[in-house]
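S.K.:
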Amino acid sequence: MDGLTAALGEAAAREAIPVTTLTCHPGAPALPPVLAQIPLTVRLQLLGERFAGLRHQDPDVAIVGAWADSDLWARGLPKATEGDGRRRKATEGAEAGVTAGNSSPSSSESEAVVAR
């Protein structure tokens with residue numbers, strides 16, 4: 874578990890957005906990893922677009938404040954090897970307010986954070 878879901882909940886709380894944590898039954902079967910990430914990914918994209926519209930901002934730079942924390946966006950990225958600038962470039966993009974990749978929760982996470 875890379876902690877992305879919990880980190881998103883913490884960022885929402887720092888932005889004064891109410892957060893509810895949902896957990897699955899311990900014995901519930903897990904979805905395949907590709908299917909498990911779709912609901913959260915789509916909701917996050919729609920949430921970003923909605924906030925951008927409300928603030929009259931460009932949706933490509935709507936990630937500001939606690940949401941733009943480089944540690945948040947570095948979670949879930951592939952581990953960088955020596956000479957590989959992927960992780961560095963992705964976190965630099967997050968600091969500038971633009972994400973350079975797609976971070977998705979680990980399939981082993983059994984929690985979902987819902988921002989209301």
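Under this note's numbering, think of the first position of the sequence shown as 874, with each following residue one higher. No residue lacks a Cβ here, since even glycine has one placed at the ideal position from N, Cα and C.
Following the continuous alpha helix (DSSP H) through Gly926, name the residue where it begins and the one where it ends.
M.R.: 906 to 927
S.K.: Less than 8 Å between the CB atoms is what I'm expecting for Ala880 and Arg948, so what's the real figure, rounded?
M.R.: 6 Å
S.K.: Distance, Cα to Cα, Leu920 vs His929?
M.R.: 14 Å
S.K.: If I follow the unbroken alpha helix (DSSP H) through Gly949, where does it start and stop?
M.R.: Here Gly949 belongs to no alpha helix (DSSP H), and DSSP marks it neither H nor E.
S.K.: Assign Val937 to one of three DSSP states: helix, strand, or coil.
M.R.: In the three-state scheme derived from DSSP, where H, G and I count as helix and E and B as strand, Val937 is classed as coil.
S.K.: When burial is assigned at 16 or more other CB atoms within 10 Å of the CB, is Gly926 buried or exposed?
M.R.: exposed
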